[in-house]
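Novice:
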Amino acid sequence: MSRGLPKQKPIEGVKQVIVVASGKGGVGKSTTAVNLALALAANDSTKAIGLLDVDVYGPSIPKMMNLKGNPELSQSNLMRPLLNYGIACMSMGFLVEETAPVVWRGLMVMSAVEKLLRQVDWGQLDYLVVDMPPGTGDVQLSVSQNIPISGAVIVSTPQDIALMDAHKGAEMFRKVHVPVLGLVQNMSVFQCPKCKHKTHIFGADGARRLARTLDLDVLGDIPLHLDIREASDTGQPIVFSQPGSDEAKAYLRIAAEVVEETGLEDSINLPSNQSLLGLMEFCPVKCSLTLAKDPWKMIHITLKTFLNRNEGNTKNQR
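Residue numbers (our numbering): -4 to 313.
(1) Measure the alpha-carbon distance for ASN72 versus ILE13 and round it to whole angstroms.
(2) Using 8 Å for Cβ pairs, my map puts ALA250 next to ALA34. What's the rounded Cβ distance?
(3) Measure the beta-carbon distance from VAL148 to GLY177 and round it to whole angstroms, keeping in mind my assumption that it falls under 8 Å.
(4) Excluding the five sequence neighbours on either side, which residues of its own chain have a C-beta within less than 6 Å of the C-beta of LYS281, listed in chain order?
(5) Flag this pair as yes or no: are the beta carbons of GLY129 and SER17 separated by less than 8 Å?
(6) Would you grab the beta carbon distance between GLN119 and ALA43 for me? Rounded to a whole angstrom, and I think it's under 8 Å.
(7) So, using beta-carbon positions, are ALA165 and LEU214 closer together than 8 Å?
(8) Does the distance from the C-beta atom of ILE54 to that of SER86 stay below 8 Å?
(9) Can you round the beta-carbon distance between VAL179 and THR26 to whole angstroms, since I take them to be within the 8 Å contact cut?
(10) Got a sec? Which residues, its chain only, sit under 6 Å from ASN268 by beta carbon, not counting five neighbours each side?
(11) Quick check: the Cα distance between LEU205 and LEU68, rounded to an integer number of angstroms?
(12) I'd like to know whether the C-beta of ASP200 is nearer than 8 Å to at least one C-beta of chain D.
(13) Alpha carbon to alpha carbon, how far is ALA83 from PRO174? Give it in angstroms, no decimals.
(14) Give a yes or no on whether the C-beta atoms belonging to PRO153 and HIS220 are separated by under 8 Å.
(15) For ALA37, which residues from the same chain have a beta carbon less than 7 Å from its beta carbon, with the 5 sequence-adjacent residues on both sides left out?
(16) Indicate the three-state DSSP secondary structure (helix, strand or coil) for ALA36 in the structure shown.
(17) Taking all protein chains shown into account, decide if ASP160 is buried (16 or more other Cβ within 10 angstroms of its Cβ) or exposed.
(18) Can you tell me which of the three DSSP states LYS24 falls into?
(19) Below 8 Å between beta carbons: does that hold for VAL51 and VAL104?
(20) List the residues that DSSP assigns as beta-bridge partners of ILE44.
(21) Just reading off the alpha helix (DSSP H) that SER236 is part of, what are its end residues?
(22) Taking all protein chains shown into account, decide if TRP117 is buried (16 or more other Cβ within 10 angstroms of its Cβ) or exposed.
(23) Count the other CB atoms, across all protein chains shown, that sit within 10 Å of the CB of GLN11; report buried if there are 16 or more and exposed otherwise.
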């Protein structure tokens, strides 16, 4: 790491961090983060999931997760997350009055983010989903540089004005060496509840075109649907309140894609007698594409395979 940059330090007890980001506000980033966390838990009940809201100026997680109150402190003077629907949650919204504006300069915001990252007792988590603020500012940079991140999910609506900023967001994460797992195309289509006619209010497949430009996957499409909005406003996210709905199933598929992308290195089992030069030959097509987009992961897998092969040879010699 370059001189002067902070050294990354994992969050204690957290195995993987997934950040949910957007280049622009109002595209459904927080709704996606909440339902992604619930979908990760729904897809595998053995996994412990946390949800961290670092959108200091506009925290939405308390409302969407139907949580109020201040966090208790542990014996180690760490904040204990609030819990609902099986998800451990922490947000700036728990530390200030609900209607109080956060009128802070940059240094105070960064201090608050540091506390949210380092002074929370998460216990043991398999995934921590982080709801980032919109844009590409100080908070995004600080989080990316201070903790190891397994991947970023970029949320955008299909219209050009949102896609321009989503493009910038994806490039920012690439510059700070955070793997971009893919795009979520939110509000992709509206279906009239009476006549069932479908209208692409914000344009059709804009995120898919951007994904091709950036050589990324589209993790899923979320329709513009009244039930999603009402579920969020009442603090009963659609993955929890209507798990059998098409909208909830879309989030479940996105969560499955995230698990596949972030757990990829653990699922690869190469024959021990193959050379490292043949690494890609034994990977599925999707795996190969992912590795090609993330050379650091490929290096990790290559070294892991090499060490496993050497360990096997050593045992045989014994």
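In this text, a Cβ means the ideal position worked out from N, Cα and C, and glycines have one as well.
Please read all numbers here as calculations on a predicted model, not as lab measurements.
Specialist: Taking the coordinates as given:
(1) Annotation: ASN72 to ILE13 spans about 26 Å, alpha carbon to alpha carbon.
(2) 4 Å between Cβ atoms; contact.
(3) Correct: roughly 7 Å between the Cβ atoms.
(4) Bear in mind that the predicted position of LYS281 carries a pLDDT of just 39, short of 50, making it too unreliable to give a figure here.
(5) For the record, residue 129 in the displayed sequence is Pro; it is not Gly. The answer is yes: Cβ separation under 8 Å.
(6) That pair is a contact at about 6 Å.
(7) For the pair ALA165 and LEU214, the CB atoms are not nearer than the 8 Å cut-off.
(8) Ile is not the amino acid found at residue 54; the sequence shown has Pro there. In this structure, PRO54 lies near SER86, with their beta-carbon atoms less than 8 Å apart.
(9) Going by Cβ atoms, the distance from VAL179 to THR26 rounds to 10 Å, so no, they are not a contact pair.
(10) For ASN268, the pLDDT reaches just 35, beneath the cut-off of 50, and the residue's location in the model is therefore unreliable, although a value from the coordinates is still provided. Cβ within range, chain order: n/a, list empty.
(11) Straight through space, the alpha carbons of LEU68 and LEU205 are spaced by roughly 44 Å.
(12) The chain labelled as chain D is not found in the depicted structure, where only one protein chain is given.
(13) Per the coordinates, the alpha-carbon of PRO174 lies some 24 Å from the alpha-carbon of ALA83.
(14) The Cβ atoms of PRO153 and HIS220 lie no closer than 8 Å to each other.
(15) Around ALA37: VAL234, PRO238, LEU247.
(16) Of the three classes helix, strand and coil, the one that applies to ALA36 here is helix, per DSSP.
(17) Buried: at least 16 other Cβ atoms inside 10 Å.
(18) Looking at LYS24 - three-state DSSP - the assignment turns out to be helix.
(19) Yes; because the gap between Cβ atoms is below 8 Å, this pair is in contact.
(20) Its beta-bridge partners are TYR122.
(21) From DSSP, the alpha helix (DSSP H) with SER236 extends over 233 to 236.
(22) Looking at its Cβ environment, which holds 16 or more other Cβ atoms inside 10 Å, TRP117 is buried.
(23) Residue environment: GLN11 is assigned as buried (16 or more neighbouring CB atoms within 10 Å of its CB, all protein chains considered).
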